[in-house]
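First residue of the sequence shown? That's 235 in the working numbering, and the numbers climb one at a time after it.
Virtual Cβ for every residue (Gly too), placed ideally from N, Cα, C.
Please read the structure below before turning to the comments.
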Amino acid sequence: MSKDKDICSIDFLIRQKYKQSSIPLEIKQHENASHCIRYMLKDIEKYEKIRGSSVTTGRSLWCLGVHPTVEEDYLARLINENKFRELNSDFVVTKDIVGTQFSFTLI
């Protein structure tokens with residue numbers, strides 16, 4: 235986010251052919267699952283603050299985090315403890331990355 239707090243840079247903008255708006259995607263990785271989730275939620279919060287400005291797409295920010303695999307209940311607790319607003323659990327996906335000790339979470 236810029237110093238004047240009205241613009242930000244996004245890692246990726248996903249655009250579907252023949253659609254007007256793009257989906258903003260921010261990617262995080264951290265060796266600590268707690269830090270990764272916290273940084274993801276902070277990015278979503280920052281994006282929501284400037285949403286609707288000329289630089290945003292009108293779409294909600296998707297945030298993808300890669301972190302060490304942790305127990306599902308611990309991950310749910312991390313998300314619930316750090317959330318700035320209610321997150322619909324239907325929109326939070328966590329999957330193990332096969333052959334590694336890591337998982338990804340998409341919010």
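The three-state secondary structure of Glu279, taken from DSSP, is helix. Within a 10 Å sphere around the beta-carbon of Tyr308 sit fewer than 16 other beta-carbons, which makes this residue exposed. By the 16-neighbour rule on beta-carbons within 10 angstroms, Ala267 is buried. Under the three-state reduction of DSSP, Glu306 is assigned to helix. Only residues of its own chain outside the window of five on either side were considered, and among them His301, Thr303, Thr328, Lys329, Asp330 and Ile331 have a CB closer than 7 Å to the CB of Ser337, listed in chain order. Judged by DSSP secondary structure, Gln263 falls within the beta strand (DSSP E) whose first and last residues are Ser256 to Gln263. Secondary structure of Leu295 (DSSP, three-state): coil.
The criterion of a C-beta distance shorter than 7 Å is satisfied by Arg293 and Ser255.
By the Cβ neighbour-count rule, Lys253 is exposed, with fewer than 16 other Cβ atoms within 10 Å of its own. Of all alpha-carbon atoms in Glu305, Phe325 and Leu295, the one lying nearest the alpha-carbon of Ser243 is that of Leu295.
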